[in-house]
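Take the sequence shown: its position 271, counting from 1, is numbered 284 in our numbering, and each next residue is one higher. Yeah, the Cβ is synthetic: ideal placement off N, Cα and C, and Gly gets one too. This structure is a prediction, so every number in the text was calculated from the model and none was measured. Shown next, in structure tokens, is the structure this report addresses.
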Amino acid sequence: MTDSRTAGKHGPRPDDHVVVLFGATGDLAKRKLLPGLFHLARAGLLPDRYRIVGSAPADAALGTDGFREHAREAVAAFGRSKPEGPAWQEFEATLSFGAADPGAYDPLLTAVRDAEHAIGGNPRRLFHLAVPPKAFPSVVGELGATGLAEGGRLIVEKPFGTDLASARALDETIHGVFDEDRVFRIDHFLGKESVDNIIALRFANGFFEPVWNRDHISHVQIDVPEKLTIEGRAGFFEGTGTFRDMIVTHLFQILGFVAMEPPAALDARSLRAEKDKVFQSMRPLDPAHVVRGQYAAYRDEPGVDPHSDTETFAALRVDIDNWRWAGVPFYLRSGKALAQGRHLVTLGFREPPLRMFPTDSRDAAGGRHNALVIDFDDPGRITARFLAKEPGPEMRLGEARMTFAYTDCFNTAHALEGYERLILDAMLGDQSLFTSADGIERLWEASSPLLQNPPPVQSYASGSWGPDSIHQLIHPYAWYLPDESR
């Protein structure tokens, strides 16, 4: 058996594994999981011996041959490498299928046992729940009842509940079968290279960490606008909304990495402990500091209630009561049908105590001169914005910038996408980039005032930056986006 610490071509190699994909015929498996597993195989990062067992309800009428064809079509449509040649033939041979319905897990049991027999020894099991949340209790219960869960690990997809009560109920269900150290709540945002780079930027560079605090930073923005609409997903979105879908699951997690204290070590226990301390320090959300929006055509979408109050946009202020961040507001924004699709963290720096230089109207309006901007979209970049003297006889200041771009400095040919990185980490048993039960429950607890008393949604035009009231929310600062000079 390969030791999990043994280095592969580009990093550590996991122990031998049987990976079981529940929801193997669904959209997530088609777009991300199957192409991602093939890319990991081509990169030499999967175990020496592994098998992938797809599973879905029996009415999917899909056997092993059908699953292999489904996987080939998924990789052809969404993968970075074409499903051809010896690499594909080797990967395809690891695929099998076992149907599973409540109370009828025999086909899946047989498929898993056959896969383990083909590998030999004592391979690990990894279960990926790419199924709707309502199916979680049934699947987890069956994994426990059949004995499949014994010694295995579990990847759980969002949403991790919809409020504090449902999150606690979900955790209770999971912990009835899987210990917390075998549970991996996956958020593909945290698998991005640039999230790791936030940690490296802060803690590996002596000229950043000393100013990463309330004495030097005036405010922080975490901005994830999306151009796309709900794209026919009314059934999901009407019961979820942007706050539950994006803010709690994604943006709060990014906030945790931006605001955390230096961990004692770069291991899962230390990183998650420091991130959870940030969440414990969050003040309960004040509905008066929240803007909920809905793009004008949302209620015309198929399947949407014509009187829907579901938000497609959310912007809010978060306050963290600890010594590092007291008095520094964090502004978070995300929404559908906006002007751009971006993934940015912006740290605005305080002005010098004395201004000896002449100011213009932009300065007076809170211009965005001194900022550190982290673009955590793939492949990512970091930009420092500052003031410099413009050429000429007068002392006039102009904006300048220094930019680090991944594509300019590193070969990104073998970079892993978010899901690929996190599936690999789950196989290695590394929980560093996964959310803990305590952390997610605390976030729902802090969100309770907003969920219990949400402000009404405000209409905004598609292609805009959201409701006009977002400017009052962030005053006296300005949103980094829109940034016409980018």
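Residue i (DSSP reduced to helix, strand or coil)
| i | result |
| --- | --- |
| residue 444 | coil |
| residue 12 | Look at the range of the chain in this structure, 14 to 499, and you will see that residue 12 is not part of it. |
| residue 419 | helix |
| residue 58 | coil |
| residue 370 | coil |
| residue 45 | helix |
| residue 476 | coil |
| residue 499 | No answer about residue 499 holds up, because its pLDDT of 40 lies below 50 and its placement is not dependable. |
| residue 461 | helix |
| residue 320 | coil |
| residue 386 | strand |
| residue 26 | coil |
| residue 412 | strand |
| residue 53 | helix |
| residue 311 | helix |
| residue 79 | helix |
| residue 513 | Limits of the chain in this structure are 14 at one end and 499 at the other, which puts residue 513 out of reach. |
C-alpha distance - residue i paired with residue j, whole-angstrom precision
| i | j | result |
| --- | --- | --- |
| residue 178 | residue 403 | 57 Å |
| residue 36 | residue 279 | 33 Å |
| residue 368 | residue 490 | 18 Å |
| residue 175 | residue 78 | 38 Å |
| residue 337 | residue 66 | 47 Å |
| residue 401 | residue 407 | 12 Å |
| residue 1 | residue 315 | Nothing can be reported for residue 1, as the shown portion of the chain is limited to 14 through 499. |
| residue 168 | residue 405 | 60 Å |
| residue 492 | residue 96 | 44 Å |
| residue 419 | residue 245 | 34 Å |
| residue 147 | residue 154 | 13 Å |
| residue 286 | residue 448 | 11 Å |
| residue 323 | residue 463 | 13 Å |
| residue 222 | residue 488 | 27 Å |
| residue 304 | residue 288 | 26 Å |
| residue 379 | residue 29 | In this prediction, residue 379 scores a pLDDT of 48, lower than 50, which makes its location untrustworthy; the coordinate-derived value is nonetheless stated afterwards. The alpha-carbon atoms of residue 379 and residue 29 are separated by roughly 56 Å. |
| residue 225 | residue 469 | 35 Å |
| residue 248 | residue 370 | 56 Å |
| residue 382 | residue 399 | 5 Å |
| residue 384 | residue 229 | 11 Å |
| residue 116 | residue 243 | 35 Å |
| residue 157 | residue 386 | 46 Å |
| residue 479 | residue 195 | 40 Å |
| residue 123 | residue 159 | 12 Å |
| residue 363 | residue 455 | 31 Å |
| residue 80 | residue 428 | 27 Å |
| residue 145 | residue 173 | 11 Å |
| residue 70 | residue 152 | 11 Å |
| residue 355 | residue 334 | 28 Å |
| residue 216 | residue 275 | 7 Å |
Residue i versus the options, residue with shortest Cα-Cα distance
| i | options | result |
| --- | --- | --- |
| residue 62 | 137, 124, 36 and 122 | 137 |
| residue 193 | 220, 164 and 174 | 164 |
| residue 332 | 140, 472 and 268 | 268 |
| residue 121 | 486, 257, 146 and 31 | 31 |
| residue 484 | 111, 324 and 302 | 302 |
| residue 416 | 428, 396, 224 and 266 | 396 |
| residue 108 | 85, 90, 114 and 91 | 85 |
| residue 93 | 76, 83 and 48 | 48 |
| residue 57 | 25, 318 and 306 | 25 |
| residue 75 | 38, 224 and 46 | 38 |
| residue 299 | 102, 317, 145 and 467 | 467 |
| residue 140 | 91, 162, 124 and 128 | 162 |
| residue 73 | 90, 110, 106 and 459 | 110 |
| residue 166 | 481, 444 and 477 | 444 |
| residue 64 | 106, 27 and 70 | 106 |
| residue 296 | 317, 330 and 274 | 330 |
| residue 353 | 390, 173 and 364 | 390 |
| residue 214 | 170, 476, 317 and 393 | 393 |
| residue 343 | 264, 475 and 457 | 264 |
| residue 457 | 118, 45, 183 and 241 | 183 |
| residue 340 | 430, 258, 239 and 227 | 227 |
So does the stretch 197 to 217 actually touch the stretch 302 to 311, counting three or more Cβ pairs closer than 8 Å?
-> The answer is no - the stretch 302 to 311 does not touch the stretch 197 to 217, with fewer than three Cβ pairs under 8 Å.
How do the stretch 350 to 367 and the stretch 229 to 242 stand: do at least 3 beta-carbon pairs fall below 8 Å, yes or no?
-> Proximity of the stretch 350 to 367 to the stretch 229 to 242 meets the contact definition, three or more beta-carbon pairs being nearer than 8 Å.
Kindly confirm or deny that the stretch 204 to 214 and the stretch 429 to 448 touch, where touching means at least three C-beta pairs closer than 8 Å.
-> At 8 Å Cβ cutoff, the stretches touch.
Along the chain, which unbroken stretches of the beta strand (DSSP E) at least 3 residues long are found entirely within the stretch 137 to 206?
-> If we require 3 residues or more, the beta strand (DSSP E) runs fully inside the stretch 137 to 206 come out as 137 to 142, 166 to 169 and 196 to 198.
Please confirm if the stretch 126 to 133 is in contact with the stretch 410 to 417, defined as three or more CB-CB distances below 8 Å between the two stretches.
-> Put simply, the stretch 126 to 133 does not touch the stretch 410 to 417. Fewer than three CB pairs are less than 8 Å apart.
Let me know the beta strand (DSSP E) ranges lying completely inside the stretch 238 to 309, each 3 residues or longer, listed in chain order.
-> 303 to 308, all fully within the stretch 238 to 309.
Whole runs of the alpha helix (DSSP H) within the stretch 206 to 233, excluding any shorter than 4 residues = Correct list: 206 to 216.
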